[in-house]
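This report refers to the structure that appears directly beneath it.
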Amino acid sequence: MTTSLRQCYALKANHHDVFQLFIHTENKMDIYTYPKSRSIRATWMAEELGLDYQCHFTDVMSAEKQVPGKNQKVPALSDSGLVIFESSAICIYLAQTYGNGRFYPQDPKKQAIVNQWLAYIISELEGPLWIILRHAVVLPEAMRQPGAIEPAKADFLRAIKVIEQEISGKTWLCNDDFSVADIFLFHISRWAMMLGFVLSEDLVHYTGELEKRPALQRARQREQQAAENAR
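Under the UniProt record's numbering, think of the first position of the sequence shown as 1, with each following residue one higher.
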């Protein structure tokens with residue numbers, strides 16, 4: 001953490017009567033979002049950390065959208081002059097900078113496990129799902145290639161079996177603790193179910209339990225409120 005940050009540490013008991021460390025700064029933080037998109041990963045992470053940030057709605061359908069990231073997509077994070085895009089980079093940065101070991105472990109071996117599953121989720125699961133969405137919904141009809149959908153479905157079904165085996169009987173994906181990887185697996189699992197994929201009973205249960213996390217509910221509310229305020 002840079003010396004420019006002014007930190008105030010406060011101890012607060014959670015529902016397990018375990019004291020957690022919350023880090024608050026006087027620096028300005030902005031997260032650029034669009035409801036029901038990948039931006040929920042960033043706002044959820046920020047809410048888990050108890051961060052003070054401004055949530056900005058970005059109309060991704062507008063040619064005049066204003067996003068600080070070089071790729072002009074959501075989510076994007078601006079933290080005291082530092083601009084980051086890509087949801088995985090944002091979540092890791094937030095957890096490393098403000099988490100004090102929570103959600104992204106400091107131990108290199110445990111960190112490697114989180115990185116491993118995070119990379120797997122993004123490349124092997126999100127990749128095929130995005131192909132399906134692009135050619136079924138997102139692209140203009142003239143640009144869609146229906147023949148790409150079935151191979152992508154097959155790729156996803158092969159890849160999700162690895163996750164289903166790993167999550168069986170577990171509460172969390174990595175290191176017996178909630179982490180950045182769980183945020184991404186939840187989002188991809190919900191995405192898959194929306195597209196009609198039938199997931200294992202354990203993965204459905206895991207997703208349902210994560211759905212109950214108060215920080216996720218707050219993140220959704222923040223994004224929706226930002227969208228309503230922008231109307």
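All C-beta atoms in this analysis are idealised placements derived from N, C-alpha and C, irrespective of residue type, glycine included. These numbers were taken from a predicted model, which means no experiment stands behind them.
Distance from the Cα of Val-74 is smallest, within the candidate group His-56, Leu-125, Glu-164, for His-56.
Below 8 Å, enough C-beta pairs join the stretch 159-179 and the stretch 123-133 to call them touching: three or more.
A residue is called buried when at least 16 other Cβ atoms come within 10 angstroms of its Cβ; Leu-203 meets this threshold and is buried.
Shortest Cα-Cα distance from Leu-216 to any of Met-29, Asp-30, Gly-50, Tyr-32 involves Gly-50. Between Leu-199 and Ser-168, the alpha-carbon positions lie close to 12 Å from each other.
In chain order, Lys-65 place their CB closer than 8 Å to the CB of Gln-72, counting only its own chain and leaving out the 5 sequence neighbours on each side. Annotation: the continuous beta strand (DSSP E) that includes Phe-85 extends over 82-85. Looking from the CA of Ile-131, the closest CA among Leu-118, Lys-170, Gln-145 belongs to Gln-145. With a threshold of 16 other beta carbon atoms within 10 Å, Val-138 falls short and is exposed. Distance between Cys-174 and Ile-149, taken at the CA atoms: about 31 Å. In the structure shown, the three-state DSSP call for Phe-103 is strand.
Taking C-beta atoms as the reference points, Thr-207 and Phe-178 fail to come closer than 9 Å. The C-beta distance from Ser-39 to Glu-223 rounds to 7 Å, short enough to meet the 8 Å contact threshold. In the three-state scheme derived from DSSP, where H, G and I count as helix and E and B as strand, Phe-57 is classed as strand.
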